[in-house]
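Numbers 2 to 109, taken from the working numbering, label the letters of the sequence shown in order. Glycine is no exception: its CB is placed at the ideal position from the N, C-alpha and C atoms. A short worksheet on the structure shown next.
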Amino acid sequence: MSARSDALESLPSVAAGALARLGSDLAVARKRRKQSLRSWATRLNVSVPTLMKLEKGDPSVAIGVYATALWVIQRHEALAALADPQQDVAALESEVRAASRRGARTDD
Numbered sequence: 002m003s004a005r006s007d008a009l010e011s012l013p014s015v016a017a018g019a020l021a022r023l024g025s026d027l028a029v030a031r032k033r034r035k036q037s038l039r040s041w042a043t044r045l046n047v048s049v050p051t052l053m054k055l056e057k058g059d060p061s062v063a064i065g066v067y068a069t070a071l072w073v074i075q076r077h078e079a080l081a082a083l084a085d086p087q088q089d090v091a092a093l094e095s096e097v098r099a100a101s102r103r104g105a106r107t108d109d
């Protein structure tokens, strides 16, 4: 089994759920714009079957295709903000704990 297959096989269920929601939301966006599968597939430069997989949240669809779909609906900025270091609560909390430990040592 390839590393890519292993990664897809071990995809956490919450991540799979998020992709399914993204795919479903992109399908709604396409339908609200009254666009056919074929016309959107053409805009995304993918086949209709690939677009159908995207709309199901299939993790084997390249992230670039998801990014292009977000661009088509003018939501690409949301993608750029997903891993914003300023929103990484776990890392920020770790930094605060480390700073507190350093401060406690210097107060002695």
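Inset, instruction - Determine the DSSP secondary structure at L12, reduced to helix, strand or coil. - result: L12 falls in the coil class under three-state DSSP.
Would E56 and A28 qualify as a contact pair, given that the criterion is a beta-carbon distance under 8 angstroms?
The answer is yes: Cβ separation under 8 angstroms.
Which of the three DSSP states is assigned to G18 in this structure? It is helical.
Q) Over what stretch of residues does the alpha helix (DSSP H) that includes S40 continue unbroken? A) Judged by DSSP secondary structure, S40 falls within the alpha helix (DSSP H) whose first and last residues are L38 to L45.
Fill in: When A99, S95, Q87 and W72 are compared against R31, the one with the closest alpha-carbon
Comparing Cα-Cα distances from R31 to each of A99, S95, Q87 and W72, the minimum goes to W72.
Measure the alpha-carbon distance for R33 versus L83 and round it to whole angstroms.
Each residue's Cα considered, the two are about 25 angstroms apart.
* **CB of G58 within 8 angstroms of CB of A21, strictly** => A21 sits close to G58, with the two beta carbons spaced by under 8 angstroms.
If you drop the 5 nearest sequence neighbours on each side, which residues of the same chain put their C-beta closer than 8 angstroms to that of S61? Sequence-distant partners of S61 (beyond 5 residues in either direction) whose C-beta falls short of 8 angstroms from its own C-beta, in its chain, are L9 and K54.
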